[in-house]
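Asks: Numbering (full-length UniProt numbering), first residue to last: 1 to 455.
We put the beta carbon where it would ideally sit given N, CA and C, even for glycine.
Computed from a prediction, not measured in an experiment: that's the story for all the values here.
1) My assumption, with CB atoms under 8 Å, is that residue 422 sits in contact with residue 319. Please give the rounded CB distance.
2) Within its chain, find whatever has a CB closer than 7 Å to the CB of residue 377; leave out the 5 residues flanking it on each side and keep chain order.
3) In angstroms, rounded to a whole number, what distance separates the CA positions of residue 223 and residue 93?
4) Determine, using beta-carbon pairs with one atom in the segment 107-120 and one in the segment 134-142, whether at least three such pairs fall under 8 Å.
5) For a quick check, are the C-beta atoms of residue 349 and residue 80 less than 8 Å apart?
6) Tell me residue 105's beta-bridge partners as DSSP assigns them.
7) Can you give the beta carbon distance from residue 239 to residue 210, rounded, assuming they're within the 8 Å contact cut?
8) Spatial neighbours of residue 288 within its chain, please: C-beta separation below 7 Å, excluding the five flanking residues on both sides.
9) Please state whether DSSP places residue 257 in a helix, a strand or coil.
10) Taking residue 177 as part of the alpha helix (DSSP H), name the residues at either end of that continuous run.
11) Label residue 74 either buried or exposed according to how many other C-beta atoms from any shown protein chain fall within 10 Å of its C-beta, with 16 as the threshold for buried.
12) Does DSSP put residue 167 in a helix, a strand or coil?
13) Ignoring anything shorter than 4 residues, give me the alpha helix (DSSP H) runs that lie fully in the segment 110-164, in order along the chain.
14) Going by alpha carbons, who is nearest to residue 189 out of 220, 230 and 215?
15) With a threshold of 16 other CB atoms inside 10 Å of the CB of residue 96, please say whether the residue is buried or exposed.
16) Fully enclosed by the segment 180-245, which beta strand (DSSP E) runs are 3 residues long or longer?
17) Reducing DSSP to helix, strand and coil, say where residue 420 ends up.
18) Counting only runs of 4+ residues fully inside the segment 371-434, write out the alpha helix (DSSP H) ranges in chain order.
19) Verify whether the separation of the beta carbon atoms of residue 363 and residue 153 is less than 8 Å.
20) Can you say whether residue 91 is buried or exposed, counting buried as having 16 or more other CB atoms within 10 angstroms of its CB?
21) Taking just the CA atoms, how far does residue 323 sit from residue 72?
22) My guess is that residue 133 and residue 66 are in contact by the Cβ rule of under 8 Å, so how many angstroms apart are they, rounded?
23) For residue 303 and residue 214, what's the separation of their Cα atoms in angstroms?
24) Let's see if you can read the secondary structure: which residues bound the beta strand (DSSP E) around residue 321?
25) Looking at C-beta atoms only, is the number of pairs between the segment 55-64 and the segment 123-132 that lie closer than 8 Å three or more?
26) Rounding to the nearest angstrom, what Cα-Cα distance links residue 501 and residue 267 in this structure?
27) Here's the rule I'm using: 16 or more other beta-carbon atoms within 10 Å means buried, otherwise exposed. How should residue 432 be labelled?
28) The beta strand (DSSP E) spanning residue 74 covers which residue range?
29) Taking the beta carbon of residue 111 as the centre, do at least 16 other beta carbons fall within 10 Å, making it buried, or is it exposed?
30) So, with DSSP's three-state summary, where would you put residue 100?
31) For residue 76, does the count of other Cβ atoms within 10 angstroms reach 16, so buried, or fall short, so exposed?
32) Does DSSP put residue 306 in a helix, in a strand, or in coil?
33) Alpha carbons only, please: which of 396, 100 and 296 is nearest the one belonging to residue 175?
34) For residue 338, which three-state DSSP category applies?
35) Checking 8 Å against the spacing of the C-beta atoms, do residue 164 and residue 407 come in under that value?
36) Under three-state DSSP, which class holds residue 58?
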């Protein structure tokens with residue numbers, strides 16, 4: 001593959017790189033998708049990409065995404081769906097039928113998600129819906145999915161509420177499957193897996209565990225409380241901090257006093273503030289004086305392929321958890337999708353884009369195998385399917401599992417566990433997300449921040 005890396009073009013100050021970074025000018029991506037910023041490049045016309053013949057012999061994919069014309073996450077989801085539909089049509093469609101894409105902007109709102117879902121089903125005639133990012137949005141359309149008896153493949157919401165409903169009231173909610181991300185319980189398990197495999201090897205002997213106090217982080221936090229004590233790392237500090245936190249200086253003073261080698265953070269809404277107060281706490285002084293510890297964890301903003309540019313390199317050496325990156329090759333499908341996406345949109349997908357691409361391709365595979373779009377037959381097929389996509393192996397928990405129809409997480413199968421990456425800089429001064437875990441997908445070794453190298 002080629003074209004890897006993101007060169008910073010933005011200037012957040014007049015003092016030279018890294019400049020006078022103002023946290024309020026930086027991109028904020030929230031777990032609810034309620035905030036966004038229009039980045040370089042515009043969303044191409046879905047009609048021109050996917051075709052819109054109006055012929056009855058078509059299959060319509062309904063796409064639910066937050067603000068796809070301005071929010072990077074929503075845009076990535078919608079554009080990934082467009083890439084998948086484009087590829088399907090180039091290869092004869094689905095079961096010989098042309099494929100159309102109809103996009104619904106949820107606006108990061110549970111109420112708008114429901115309105116857009118109903119529009120996609122009742123007005124656009126969607127044969128399947130994919131997407132949703134905010135967990136609240138998914139929960140708010142679960143009853144509509146049940147009433148419409150139409151498949152929905154989630155590609156952004158992690159709440160286990162949906163899968164528990166499938167388990168507890170199968171006949172009513174059996175139409176829901178989660179292609180990604182892993183549910184919030186398995187999300188926590190993945191972090192424990194990382195700690196067991198890698199933490200001490202990269203110098204994280206002791207950690208301060210921080211998590212923003214939003215509902216999405218409740219289950220990972222519970223997992224940390226229950227299982228981090230059994231890992232090789234020493235937990236020297238734990239804190240769930242308030243949702244409105246935008247100044248981490250006092251918290252980081254406590255981290256330093258506790259002697260932590262690293263901050264292990266779970267953040268979506270507050271991620272950029274947390275990052276800047278780690279790598280450049282003395283803004284606006286020209287010379288950063290980073291905190292004396294490493295930094296990483298579940299960090300949604302770091303999943304953005306433009307984040308190095310957006311922060312003018314302030315995310316360098318930070319670690320993040322993701323489905324894939326532009327550097328990764330989880331399966332042979334991964335680089336094929338990445339290159340096609342880049343060639344079409346001159347950018348790389350965010351996490352949820354990978355899952356969305358897989359969801360459309362997975363639905364197509366199920367229809368091809370069964371020769372029908374009849375829902376019950378497709379449900380039976382999906383319950384047994386093992387599909388290789390851009391994000392690895394996609395298969396679903398059985399109906400008797402507490403998380404029925406959620407994507408299977410198997411810590412012994414690297415194709416199901418996600419990846420940890422580190423923002424590094426290449427020889428051309430470009431930011432790249434290098435995979436450091438699992439070892440089978442590693443594209444680089446972990447680089448210790450230079451200010452910590454002599455510790």
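Replies: Let's see:
1) So it is a contact: roughly 5 Å between Cβ atoms.
2) Counting only Cβ-Cβ distances below 7 Å, and skipping sequence neighbours, we find 370.
3) In this structure, the straight-line span from the alpha carbon of residue 223 to that of residue 93 is close to 43 Å.
4) Taking 8 Å as the limit for Cβ pairs, the verdict is that the segment 134-142 does touch the segment 107-120.
5) Yes.
6) As computed with DSSP, residue 105 is found in a beta bridge with 65.
7) Right, their Cβ atoms sit about 5 Å apart.
8) These residues qualify, in order along the chain: 18, 279, 280 and 282.
9) DSSP places residue 257 in helix when its eight states are reduced to three.
10) Secondary structure note for residue 177: it is in no alpha helix (DSSP H), and the uninterrupted beta strand (DSSP E) holding it is 176-178.
11) Taking every protein chain shown into account, the CB of residue 74 has 16 or more other CB atoms within 10 angstroms, so this residue is buried.
12) In the structure shown, residue 167 adopts helical secondary structure according to DSSP, grouped into three states.
13) Annotation note: the segment 110-164 contains the following uninterrupted alpha helix (DSSP H) runs of length 4 or greater, listed N- to C-terminal: 110-122 and 135-148.
14) Checking every option, the nearest Cα to that of residue 189 belongs to 220.
15) Residue 96 comes out exposed.
16) If we require 3 residues or more, the beta strand (DSSP E) runs fully inside the segment 180-245 come out as 206-212 and 234-241.
17) Reduced to three states, the DSSP call for residue 420 is strand.
18) Correct list: 375-384.
19) Yes; because the gap between Cβ atoms is below 8 Å, this pair is in contact.
20) Counting of Cβ neighbours within 10 angstroms places residue 91 among the exposed residues, the total staying below 16.
21) Cα to Cα, the separation comes out at about 16 Å.
22) Contact between residue 133 and residue 66 holds: CB atoms are separated by about 5 Å, below the 8 Å threshold.
23) When rounded, the distance between both Cα atoms is 19 Å.
24) Under the DSSP assignment, residue 321 falls in the beta strand (DSSP E) whose first and last residues are 319-322.
25) Because the criterion of three Cβ pairs below 8 Å is met, the segment 55-64 and the segment 123-132 touch.
26) Lying outside 1 to 455, the shown extent of the chain, residue 501 is not represented and no answer is given.
27) Its Cβ being crowded by 16 or more others within 10 Å, residue 432 is buried.
28) Element bounds for residue 74: not the beta strand (DSSP E) but the alpha helix (DSSP H), 72-90.
29) By the C-beta density criterion, residue 111 is exposed, having fewer than 16 other C-beta atoms within 10 angstroms.
30) Strand at residue 100.
31) So residue 76 ends up on the buried side.
32) The three-state secondary structure of residue 306, taken from DSSP, is coil.
33) For residue 175, the nearest C-alpha among the options comes from 396.
34) Correct three-state label for residue 338: helix.
35) Contact: no.
36) Reduced to three states, the DSSP call for residue 58 is strand.
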